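Below you'll find the structure, written out as structure tokens, and then a few comments.
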Amino acid sequence: MNRLPLRSRLTILTAAAVAVAVALAALACWLITRNELNSQMDGSLRQGQEVALRALNDNLPRGGLGRCVPSQIVGQSNQFGVNPSNVLAQLVTPDGIACPITGGGTFAVNATDRAIAAGSQQQPRSEIHTVHAAHQHTLRVYTASTNIELLDGRPLALSVARPLSDVTDPLTTLAWVLLAVAGVGVVGAASAGLWIARTGLRPVDALTQTVEHIARTEDLNVRIPVEGEDEIARLGASFNAMTAALASSRDRQQQLIADAGHELRTPLTSLRTNIELLERSEATGRALPPEDRRALLASVKAQMTELAALIGDLQELSRPDTGPNLTVVPLHDVTATALDRARLRGPDLKLISELAPWFVRGDAAALERAIVNLLDNAVKFSPPGGEIEVRLRDGLLTVRDHGPGIPAEELPHVFDRFWRSPSARSLPGSGLGLSIVARTVQQSGGEVSLAPAPAGGTLATIRLPGAPTAPPGEPSA
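In this text, residue positions in the sequence shown follow full-length UniProt numbering: the first is 1, and each later residue adds one.
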């Protein structure tokens, strides 16, 4: 079943459901009709018995029936002037002799009939049962005790019967009719199910074709037309959102690769040039002046450091956006560690700090790297001997420098990957530092912004949710 197409499965299930429903309805109709016909036949037998009994009482000789033997009236009709409609009638003696009183013969007498004729205390005065006649027809028989007696005083019972075919023949016809109706219903249901499946699955076909096209061509710009608000429309909208996200992710990946290649090209070219100069000097035997050699080696070292920093930044950005395993982090301690690292990079600068306790949920290493990146920017653009002010209060971390500041038109781009302002392109850096800051802060549920500081410089602000005390029982980084 699972190997069949969805359209075929829907058609089969629809036809099967209708078939079961029609079969149950037909069976219920047949059973109700059978019970009604049996009830009507039993009622007609009782009525016929009453009519026959009244006629017998009116036409039998006074004193009773002389004797009752089958040979006495075989072949005679209306022997006693009895003509009950649609029934066969006979008198039954306690010893099982049947005397026909209408029709052309007798039908079988069983022990129940004899017991009723004898007036047995263990047997009801009347009963309906089924017997097989001599001509192989099944009869429905109603036997009841009477007040008629033979001359010798033996009581008689009166049995009336009708062919059971009066019920079974209409039921057989009804069964064939219901079977035909059920067959037509199932065929109609299968046709309707096929039409419904084709109509209902048309959007699914469109979705399937789109998915196959994307798998074949890798074209993520294809979209499915969405109509309505049903489940299929929601599926189409979700698929469109997924392909849009994949296309955006692929574009960002391609852009990252292109930007990384562009950024790597400059230090690699410079490094290659310096190494070729050193190699040529060794090959030709013309030693470089000591000052030039030292300058070349210092340049090679600086370029290697820049390459290592760029590769580290790229590794940081390549981490999944789902974020690391977050723990409780003392932000004030992380900031203090970052300040110690910043003092090594700007020994001539004055770093002023005011750190109040604040605990956040995040990655300690990533937060420290983000704060170091902010401090590196402040150190890079601060004038010699300048001041950098770092404050942490109520979850608000600010880093303020007294450098040239950031022009207003450049502020919207400061957190873009590989973006560098024209004034900073001559300075070392990869253009990824602030992107890493924004990513880390967002993973911790916070916000980051850069703005011009009053009286000049730049004010970097990080706001992280947390508390001044660590949650009880929580492990901290």
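Don't be surprised by glycine CBs; every beta carbon is placed ideally from N, CA and C.
Every value quoted in this text rests on a predicted model; they were computed, and no experiment measured them.
Asked	Found
Which complete beta strand (DSSP E) runs does the segment 125-151 hold, if anything under 3 residues is left out?	126-132, 138-149
Alpha carbon to alpha carbon, how far is LEU24 from PRO163? Give it in angstroms, no decimals.	29 Å
Could you say if the segment 445-461 and the segment 392-411 meet the contact criterion of at least three C-beta pairs nearer than 8 Å?	yes
Would you kindly work out how many angstroms separate the C-alpha atoms of ASN240 and ASN221, rounded to a whole number?	9 Å
Taking the beta strand (DSSP E) that PRO163 belongs to, which residues open and close that run?	155-163
Nearest to ASP219 by CA position, among TRP195, ALA245, VAL204, is which residue?	ALA245
Using the rule of at least 16 other Cβ atoms within 10 Å of the residue's Cβ for burial, across every protein chain shown, is GLN49 buried or exposed?	buried
So is VAL334 buried or exposed if we call it buried at 16+ other beta carbons inside 10 Å?	buried
Assign SER353 to one of three DSSP states: helix, strand, or coil.	strand
Which first and last residues belong to the alpha helix (DSSP H) in which ARG114 is found?	111-118
Counting C-beta neighbours from all protein chains within 10 Å, is the total for residue 489 16 or more, i.e. buried, or is it exposed?	There is no way to answer for residue 489, as the model of the chain reaches only from 1 to 477.
Nearest to GLN90 by CA position, among LEU367, ILE148, GLU276, is which residue?	ILE148
Is GLY469 helix, strand or coil by DSSP?	The sequence as given places Thr at residue 469; Gly does not occur at that position. Coil at THR469, not helix or strand.
With a Cβ-Cβ cutoff of 8 Å, do VAL51 and VAL186 count as a contact?	no
Tell me the DSSP secondary structure of SER444 in three-state form.	coil
Using CA coordinates, which residue listed in GLY456, ARG223, GLY200 is at the minimum distance from GLN209?	ARG223
Rounded C-beta distance between ALA338 and VAL372? I'm assuming under 8 Å.	5 Å
In chain order, what residues of the same chain have a beta carbon less than 8 Å from the beta carbon of LEU174, not counting five sequence neighbours either side?	CYS29, TRP30, THR33
What does a CB cutoff of less than 8 Å around VAL329 pick up in its chain, not counting 5 residues either side in sequence?	PHE359, VAL360, ARG361, GLY362, ASP363, ALA364, LEU367, SER476, ALA477
Taking all protein chains shown into account, do 16 or more other C-beta atoms lie within 10 angstroms of the C-beta of ALA342, making it buried, or fewer, making it exposed?	buried
Would you identify the three-state DSSP class for ILE311, choosing helix, strand or coil?	helix
Alpha carbons only, please: which of VAL20, VAL204, LEU296 is nearest the one belonging to LEU179?	VAL20
Identify, in the order they occur along the chain, each residue of the same chain with its Cβ nearer than 8 Å to the Cβ of ALA118, setting aside the five sequence neighbours on each side.	PRO94, PRO155
Which of the three DSSP states, helix, strand or coil, is assigned to SER299?	helix
Can you pull the DSSP bridge partners for GLN90?	PRO100, SER159
I want to see whether chain B comes within less than 8 Å of ILE101, judged by CB atoms only; does it?	No chain B is part of this structure, which consists of one protein chain only.
Would you mind working out which of ASP401, ARG439, LEU37 sits nearest PRO454, comparing C-alpha positions?	ASP401
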